Amino acid sequence: MEFIGDVLGDALSFLSDFGPELRRVTALTLVVGGLATAIGVVIGVPLGVALGLGRFRGRGALTVAVNTGMGMPPVLAGLLLLLLLWNDGPLGSWELLFTPAAMVGAQALLAIPIAAGVTAAGMRSLSGDTREQLAALRLNRRQTGWLAIGEAWPSVAAAIAAAFGRVIAEVGAVLIIGGNIAGETRVLTTAIVQEARRAEFGAAVGLGIVLLLIALAVNGALTYFQLREAR
Amino acid sequence: MKTHELLDKDHLVVFGPNGAGKTTLLRLLAGTLRGGSAIAAGYLPQRPAALRGSVRRNLELGLADSDDKQRAHALATELGLAGLLDASARSLSGGERQRMALARTLARSEATMLLDEPLAAIGLADRGAVAATIGKALEGKSALIVTHDRQTAAALGDRVAVLIDGTIRQVGPPSKVFALPDDEVVAGALGIANVMTGEVMDSEGGLVSLRVGPLEVWGVGDPQASGRALFGAETVTLYAGDRPDSGSARNSWSGTVTQIVPVGQLVEVLVDCGPTVVALVTPGALDGLGVAVGDLASVAVKATAIRIL
Chain A
1315 MEFIGDVLGD ALSFLSDFGP ELRRVTALTL VVGGLATAIG VVIGVPLGVA LGLGRFRGRG
1375 ALTVAVNTGM GMPPVLAGLL LLLLLWNDGP LGSWELLFTP AAMVGAQALL AIPIAAGVTA
1435 AGMRSLSGDT REQLAALRLN RRQTGWLAIG EAWPSVAAAI AAAFGRVIAE VGAVLIIGGN
1495 IAGETRVLTT AIVQEARRAE FGAAVGLGIV LLLIALAVNG ALTYFQLREA R
Chain B
-4 MKTHELLDKD HLVVFGPNGA GKTTLLRLLA GTLRGGSAIA AGYLPQRPAA LRGSVRRNLE
56 LGLADSDDKQ RAHALATELG LAGLLDASAR SLSGGERQRM ALARTLARSE ATMLLDEPLA
116 AIGLADRGAV AATIGKALEG KSALIVTHDR QTAAALGDRV AVLIDGTIRQ VGPPSKVFAL
176 PDDEVVAGAL GIANVMTGEV MDSEGGLVSL RVGPLEVWGV GDPQASGRAL FGAETVTLYA
236 GDRPDSGSAR NSWSGTVTQI VPVGQLVEVL VDCGPTVVAL VTPGALDGLG VAVGDLASVA
296 VKATAIRIL
């Protein structure tokens, strides 16, 4: 127990420092995760609305693809993008490998199916009466989609939270595609891996606490909005 | 299914029992169910949903221009929603929600309206006024209205089509269809209260007489008819005492009142004239007559209101 106590003590002193490296890693985590979530939401939520409400050819196949994507291992997403961005790869000329931009891309690949899948489930759970009413208003697809998002807002909020939770917690994709370069592509999860390997458990736990606090803040805010909606 | 075209500026009510296919027909026309050929029309679903936000926002959903929106607000005021515009639409009662949806749908500029049970959620006391508002809003437009309620059909329809098991069995003005159903299936669907079986005795100028127990029943039919008389309870006039002052009614019989049953806003009075005859009257009229169970009463029915099959 003394060991755990020591680690926690180290973690607290690491956090109370809140040095420049911790600040940089936290900021990059928020920027990369935030942008990836934003891309995931902008693409995934409309896709989810279309899958949940639309009637079009290929919907079944697309639903299967999205559901599979929801469970895609992050290292695989990272590997996929690595092959694309590798010097000799199709997008090698973009020279994005080991940059935050590439990390955003890799995490967006993870966020899109989560946002789409959870949103689609929310759309399917709208009552038949609500769906009939939406159709009866004779709006164009975009307007109908916006109204449907409003009606299924708790589900869409859950989709955003799930997408953010997915990208903020994953390590495989950003490790492969970002390389965990100190001061450039190191984020909280890859920093934890680094510190744990070096047996710097205080720092690792401190970084973990920051990660948890971020997840707590985002999910707390979304839960607040969901509950306010339900009232 | 036979094709029945919507006549220009006509208000056709599709009437039928639950499960007849009324809502399916309307949804196919509205395009919310796959497989139909959708038409450009305003559409009121059977159970209109209140969406997020205020009544005002809900009222204006899907209305493109300010004329339509103004019309929606005018209709909402007429339907008693003026004080609720800033309330949350989801807090509305079922009847208020129905009025909101009616105002929004009727305000649309399409020349055709598809209305699914437009009065179902409206309290009995207000149905007349709401029906009048609907009737006024539908002036100059074509409408297809589906309902399983006879009063709604009579209040809103120029013509009634009786839909049973996906087939239209009879089309005509409400007064004619409800008084003279073409066959027993239609009569059953319409809830025709009086069905008598007897023997054809005589015929005279398009009328046929039937012997039903002690009664002679005159009605519209064919001399080759098989011997069934059908007539609605609302076509029966009720009198107190033995002999009615029946005026022009060819059929007048008397008997003992066996039962008085409230039916919605009206009252059914069952008179045992040999076969039992059901009369539909208002509670006020019944009070005026002073008729009670066990009393002697008389009933009169015009021959033209009875269908002999």
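Protein chains in written order, with our numbering: chain A, 1315 to 1545; chain B, -4 to 304.
Ideal placement from N, C-alpha and C gives every residue a C-beta, glycine not left out.
Bear in mind that the values here come from a model prediction, so they are computed numbers and not experimental data.
Validate contact between the stretch 265 to 279 of chain B and the stretch 211 to 231 of chain B using beta carbons, cut 8 angstroms, 3 pairs: yes
Using the beta-carbon count (16 or more within 10 Å), is A35/B buried or exposed? exposed
Could you tell me whether any Cβ in chain A is nearer than 7 angstroms to the Cβ of G57/B? yes
Neighbourhood of G11/B by C-beta distance below 7 angstroms, restricted to the same chain and skipping five residues each side: K17, H143, V157, L158, I159, A184
Please check the pair L1367/A and M1437/A, which I expect to be a contact at CB under 8 angstroms, by giving their CB distance rounded to whole angstroms. 5 angstroms
Beta-carbon neighbours of T27/B, restricted to chain A and to distances below 8 angstroms: Those are E1446, A1449, A1450, listed as they occur along chain A.
Since I believe G1520/A is in contact with A1325/A (beta carbons under 8 angstroms), could you give me their beta-carbon distance rounded to a whole number of angstroms? 4 angstroms
Quick one: residues in its chain with C-beta nearer than 8 angstroms to the C-beta of G48/B, no 5 flanking neighbours on either side, listed in chain order? S83, A84
Taking E1465/A as the query, report the chain B residues whose CB atoms sit under 7 angstroms from its CB, ordered along the chain. The answer, in chain order, is L46, R47.
I'd like the list of long-range same chain contacts for V195/B, defined as Cβ closer than 7 angstroms, with 5 residues on each side in sequence excluded. Close CB contacts of V195/B within its chain, under the 7 angstroms cut and outside five residues either way in sequence, are with V203, L205, P218, A220, G222 (chain order).
Does chain B have any CB closer than 7 angstroms to the CB of P1468/A? no
From what residue to what residue does the alpha helix (DSSP H) around Q1421/A run? 1414 to 1438
Euclidean distance between Cα positions of I187/B and G259/B: 16 angstroms
Buried or exposed (CB count within 10 angstroms, at least 16 for buried), M(-4)/B: Below a pLDDT of 50, predicted positions are generally treated as unreliable, and M(-4)/B, at 38, falls in that range; the measurement from the model is reported next regardless. The residue in question, M(-4)/B, is exposed, as its Cβ has fewer than 16 Cβ neighbours within 10 Å.
Within the stretch 136 to 222 of chain B, note down every full alpha helix (DSSP H) run reaching 4 residues or more, in order along the chain. 145 to 151, 169 to 174, 179 to 185
Residues near A1416/A by beta carbon distance below 8 angstroms, same chain, minus five either side: L1395, L1399, L1410, I1491, G1492
Using three-state DSSP, classify S1400/A as helix, strand or coil. The sequence given here has Trp at residue 1400/A, not Ser. Here W1400/A sits in coil by DSSP.
Host alpha helix (DSSP H) of S1441/A (start-end): Where S1441/A is concerned, there is no enclosing alpha helix (DSSP H), given that its DSSP letter is neither H nor E.
Can you check whether the C-beta of R122/B is within less than 7 angstroms of a C-beta belonging to chain A? no
Is P270/B helix, strand or coil by DSSP? coil
In whole angstroms, what is the alpha-carbon distance linking G1383/A and P1427/A? Their backbone Cα atoms lie some 5 angstroms apart in a straight line.
Top-ranked residue by Cα proximity to G14/B, from T162/B, L76/B, L109/B: T162/B
What residue range does the beta strand (DSSP E) around A292/B cover? 291 to 296
Check F1515/A in the structure and name its three-state DSSP category. If DSSP states are grouped into helix, strand and coil, F1515/A belongs with the helices.
Nearest chain B C-beta to L1440/A closer than 7 angstroms, yes or no? Chain B contact via Cβ: absent.
Would you kindly check if the distance between the Cβ of V207/B and the Cβ of N246/B is under 7 angstroms? no
7 angstroms Cβ cutoff, R42/B in contact with chain A: yes
Assuming L284/B and A235/B make a contact with CB atoms under 8 angstroms, what is their CB distance in whole Å? 5 angstroms between Cβ atoms; contact.
Taking R1369/A as the query, report the chain B residues whose CB atoms sit under 9 angstroms from its CB, ordered along the chain. Annotation: Cβ neighbours of R1369/A in chain B (cutoff 9 angstroms, chain order): R29.
Cβ of D1443/A within 7 angstroms of any chain B Cβ: yes
The stretch 1369 to 1388 of chain A / the stretch 1451 to 1464 of chain A touching (three or more Cβ pairs under 8 angstroms): no
What residue range is occupied by the uninterrupted beta strand (DSSP E) comprising W1408/A? Unbroken run through W1408/A: none, as it is neither H nor E.
Out of curiosity, what's the CA-to-CA distance linking G250/B and V266/B? Counting only the Cα atoms, V266/B lies some 6 angstroms from G250/B.
I'd like to confirm the pairing. Which residues does DSSP put opposite M108/B in its beta bridges? Looking at the DSSP output, M108/B bridges to G37/B, A138/B.
Three or more C-beta pairs below 8 angstroms linking the stretch 1339 to 1350 of chain A and the stretch 1497 to 1508 of chain A: These segments touch.
Using the DSSP secondary-structure output, state which residues sit across from Y234/B in a beta bridge. S293/B
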